[in-house]
Each structure stands twice: as structure tokens, then as C-alpha cells.
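Here UniProt numbering is used: the first residue of the sequence shown is 1, the next is one more, and so on. The C-beta atom is built at its ideal place from N, Cα and C for all residues, glycine as well. Note that the structure is a prediction, hence the values are computed from the model and not measured. See structure below.
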Amino acid sequence: MNLPSLRATERFANQMILDACRGAKRVHIVDYGILYGDQWPSLIKALSERAEGPPLLKITGIDFPSLVNLEKTGNRLVDYAKSCGMHLEFHSIATAAWESAQPRYHLFSELLFVNCQLRMRHIREDGIIDSPRKLFLEKILSFKPVMFFQSVVHADIGSPFFIHRFDGAWRSFLARLESFEETMKLELIDQSQLDFMDKFIEKCAMGAIACDGQNRVERISSYKTWDRLARKGQFGQLPVSKRALEMVMSVWSGHENFTYGMDENWLLLGWKDVVLNALSVWEPIEKLPRFKHQ
Numbered sequence: 001m002n003l004p005s006l007r008a009t010e011r012f013a014n015q016m017i018l019d020a021c022r023g024a025k026r027v028h029i030v031d032y033g034i035l036y037g038d039q040w041p042s043l044i045k046a047l048s049e050r051a052e053g054p055p056l057l058k059i060t061g062i063d064f065p066s067l068v069n070l071e072k073t074g075n076r077l078v079d080y081a082k083s084c085g086m087h088l089e090f091h092s093i094a095t096a097a098w099e100s101a102q103p104r105y106h107l108f109s110e111l112l113f114v115n116c117q118l119r120m121r122h123i124r125e126d127g128i129i130d131s132p133r134k135l136f137l138e139k140i141l142s143f144k145p146v147m148f149f150q151s152v153v154h155a156d157i158g159s160p161f162f163i164h165r166f167d168g169a170w171r172s173f174l175a176r177l178e179s180f181e182e183t184m185k186l187e188l189i190d191q192s193q194l195d196f197m198d199k200f201i202e203k204c205a206m207g208a209i210a211c212d213g214q215n216r217v218e219r220i221s222s223y224k225t226w227d228r229l230a231r232k233g234q235f236g237q238l239p240v241s242k243r244a245l246e247m248v249m250s251v252w253s254g255h256e257n258f259t260y261g262m263d264e265n266w267l268l269l270g271w272k273d274v275v276l277n278a279l280s281v282w283e284p285i286e287k288l289p290r291f292k293h294q
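Below you can see the structure in the form of C-alpha cells.
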């Protein structure tokens, strides 16, 4: 669906990728939670129109095998790239254990970006030494990406106790449902799609609040939790570019109740006084020399 929350995160990452890969000849995007790949056609189109010509583009799409047919996702993107006169190499990794996925990449010949848009909530947080979230960030760090886009669904419902999760989830999911209904009405969405979104949010809320252990698939955390994990994982936060902010605001200003703010370099998108999503971009503290990628 053409929701502002999705368009905002996509435009945020795409604009920063477009600016960062200016002049690069080989670009590789590793996308965790690619689903149907709806984020990438606009970037492919923009890259195909570069004054210096398009780069050789590779996308590695990673997602749960139970959610999507990645082969179909790849075929759609490859066909679209061809229609733009551009070659796209697509690789897929179907796994629920994102922390173990190993994309094929060339460290010194590709400009590598890692993208995870609003799906980090599906990474488990059990364990201390071998926490999947810790291993996931360690894996990304080993790639030495130019940029790591971490846009997260925000809610303070990470407590193991039901009553605390319920209190935090009530305000968060109520605000999400209200924002979806109001913005989708503006786009003349029919009632069946509104009903679908109601059921989707209900399912997410149940998964976040009422389930425990392996049955809990919605593990939404505060953006401050992800900030702490990223910094502990040897990532440094990059500032949001002026152009990327403009692209986000082009879709996040269609309703009077949309709000935004900055917390250090986190771009916070909200509905009224409730933060819904938090957008950020990171780089390894020990990074590779940029000239080697050109």
C-alpha cells in the first residue's frame, strides 16, 4: 500500500544512497526485509538517468521464506531495470535467521549499502552473549558498508512483563491505526483496504503484547534501544542530509497531525504526540577508504 510511513523511509534511504554513490561504478545494496522490493524502482530509475551513466547495480534481497517469493521479487526488479536501460544483478537469501545470512560481496570494488526498513522488529533479542540482534549488527559491521540504514518502528514495549508491554502498546498502536485510517481516507482508499489495515495492526499488536518466547514475532523496541546497540556494535551515526530531509517532508506533510523532530541524528516521525518511526543512517567507526570503491 502507498502509505506515507513507507514512502518516507524509502525516500530517506534512496536519496542518501543516490548522493553517496555519485560517480561510483559498482553499487551493491543488501536489503534485509526486501519483501516485494517496492523501494527500489525509483532508485533504479534515478541511477539510470545519472549524467555519468548508470553504475553496475547489484541487490541482495533477504527475507523470510514464509513471507515472499524472492525469485519473483528479483525478476520484477531485473525486468524494471531493463526497461530503464540498466543492468541489475539480483541475489536472494531466503532465511528467518538474518544474523546468519552471508551475502556475496567484493570488499574493495563495490560501494556497499545495507538497508533495513521497519523490519528490525522481527529480529529476536533472546540471549546475552549470542543475542540474534547483537550477531546481526556484528554481521553488518563485517561487511564494512558505506552506509547502514536503520529505520525502526518505535514503541516502548520491550519489557518482558505483559502489563508494561500493554501500557506502551496501547498508545502506539492506537496512534498507528488512527494515522492509517486518516491518511488512507485522503487517498480515497476503499473500505476493504481499511479493513485489511485494521486486521494487520490488530495482528501486530497481538504479536507484540500477548505472545512470549518463540511465538512472539513482533519485538518492537524504542529507537533508543537500537541506538545503544548500534553504538555498542562499533557504528557511528551520520547526519541526515538536507536533501534527504526534504524528500521525507514531501510525503510527511500531507496531514496536520503528522509531526517530526530530531533526537541527535535520529529523524523521528510521529502522529500527534506519539513517535511512530525513527530513521537513521550509520557507518562503521573503522571504515574503508572511499577511493577504493570508485
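Whole angstroms is fine: what's the gap from residue i's alpha carbon to residue j's?
i                 : j                 : result
histidine 28      : isoleucine 163    : 43 Å
histidine 154     : valine 275        : 7 Å
serine 92         : alanine 101       : 10 Å
glutamate 256     : alanine 278       : 19 Å
glutamine 234     : aspartate 167     : 33 Å
proline 4         : valine 248        : 9 Å
leucine 43        : serine 131        : 33 Å
histidine 87      : lysine 272        : 43 Å
phenylalanine 143 : alanine 169       : 34 Å
phenylalanine 180 : phenylalanine 258 : 11 Å
glycine 85        : proline 55        : 11 Å
lysine 232        : glycine 261       : 24 Å
aspartate 31      : leucine 107       : 17 Å
leucine 67        : alanine 94        : 10 Å
isoleucine 157    : aspartate 126     : 15 Å
I'd like the span of the beta strand (DSSP E) that includes residue i, first residue to last.
i              : result
alanine 94     : 88–94
aspartate 263  : 258–263
arginine 133   : Unbroken run through arginine 133 is the alpha helix (DSSP H), 132–143; no beta strand (DSSP E).
serine 280     : Here serine 280 belongs to no beta strand (DSSP E), and DSSP marks it neither H nor E.
isoleucine 157 : It is not in any beta strand (DSSP E) - isoleucine 157 carries neither H nor E in the DSSP assignment.
arginine 121   : That residue, arginine 121, is in no beta strand (DSSP E); it is neither H nor E in DSSP.
valine 146     : Looking at the DSSP string, valine 146 is not in any beta strand (DSSP E), and its letter there is neither H nor E.
histidine 28   : 26–32
isoleucine 220 : Isoleucine 220 -> no beta strand (DSSP E), and no H or E assigned at all.
leucine 238    : 235–238
tryptophan 266 : 266–271
Is residue i near residue j, with beta carbons less than 9 Å apart?
i                 : j                 : result
phenylalanine 113 : phenylalanine 136 : no
proline 239       : asparagine 265    : yes
glutamine 117     : threonine 9       : yes
isoleucine 34     : threonine 73      : yes
arginine 133      : isoleucine 123    : yes
valine 281        : arginine 11       : no
glycine 53        : glycine 37        : no
alanine 20        : serine 48         : no
leucine 77        : phenylalanine 90  : yes
leucine 70        : aspartate 79      : no
serine 109        : arginine 176      : no
Measure from the alpha carbon of residue i to the alpha carbon of each residue in the options, then state which is nearest.
i             : options                       : result
arginine 50   : Lys72, Ala24, His122          : Ala24
serine 83     : Ala46, Glu182, Phe235, Ser179 : Ala46
valine 146    : Gly37, Lys287, Glu178         : Lys287
alanine 97    : Phe108, Met120, Met86         : Met120
aspartate 227 : Ser151, Gly254, Glu181        : Ser151
serine 172    : Ala94, Arg76, Ser222          : Ser222
leucine 6     : Leu111, Trp40, Ser241, Leu67  : Trp40
leucine 229   : Leu174, Glu138, Leu245, Ile59 : Glu138
threonine 183 : Ser253, Leu57, Asp263, Leu267 : Ser253
Run the CB neighbour count on residue i, radius 10 Å, all protein chains shown included, and call it buried at 16 or more, exposed below.
i                 : result
glycine 236       : exposed
lysine 292        : Interpretation of lysine 292 is limited by its pLDDT of 45, a score under 50 that renders its predicted location unreliable; no figure is taken from the coordinates.
phenylalanine 161 : exposed
leucine 269       : buried
proline 65        : exposed
asparagine 14     : buried
arginine 22       : exposed
arginine 219      : buried
glutamate 99      : buried
lysine 242        : exposed
phenylalanine 104 : Rather than phenylalanine, the amino acid found at residue 104 in this sequence is arginine. With fewer than 16 other Cβ atoms within 10 Å, it is exposed.
asparagine 75     : exposed
Terminal residues of the continuous alpha helix (DSSP H) containing residue i?
i              : result
tryptophan 226 : 223–232
valine 78      : 70–83
serine 5       : 4–20
leucine 47     : 40–48
lysine 242     : 242–249
Quick one: is the Cβ of residue i within less than 8 Å of any heavy atom of the ligand MG?
i             : result
glutamate 264 : The ligand MG is absent from the structure shown, which contains no ligand whatsoever.
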